[in-house]
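**Student:** Numbering follows UniProt numbering, with no gaps: position 13 of the sequence shown is 13.
Ideal placement from N, C-alpha and C gives every residue a C-beta, glycine not left out.
First, the structure itself, so that you have it in front of you.
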Amino acid sequence: SSSSPWNEYSSSNSVPVLVDKQGSFYGYFTINEYRSKAIDFADTLSDIYESANGKLDEVQEKLCASLK
């Protein structure tokens, strides 16, 4: 889907966004590291997604572990 954060080619404005409690925008939550205004760790997220072979439960575990 073009609105999926796991679509490496998506440039849709429908992908999730990362914001803080005050609503400050930090970027589109996507593995498309070339997308305008993507999160600054899109390349890392893409690597995690690829290493987990698209298994989202593994992506979640690896992403959370990397943010500790």
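Under the rule that 16 or more other beta-carbon atoms within 10 Å means buried, what is Y49, buried or exposed?
**Tutor:** Burial call: buried.
**Student:** Which of helix, strand or coil does DSSP assign to A38?
**Tutor:** A38: strand per DSSP, three-state reduction.
**Student:** Do V19 and T30 have their C-beta atoms within less than 9 Å of each other?
**Tutor:** no
**Student:** Using three-state DSSP, classify Y49 as helix, strand or coil.
**Tutor:** Y49: helix per DSSP, three-state reduction.
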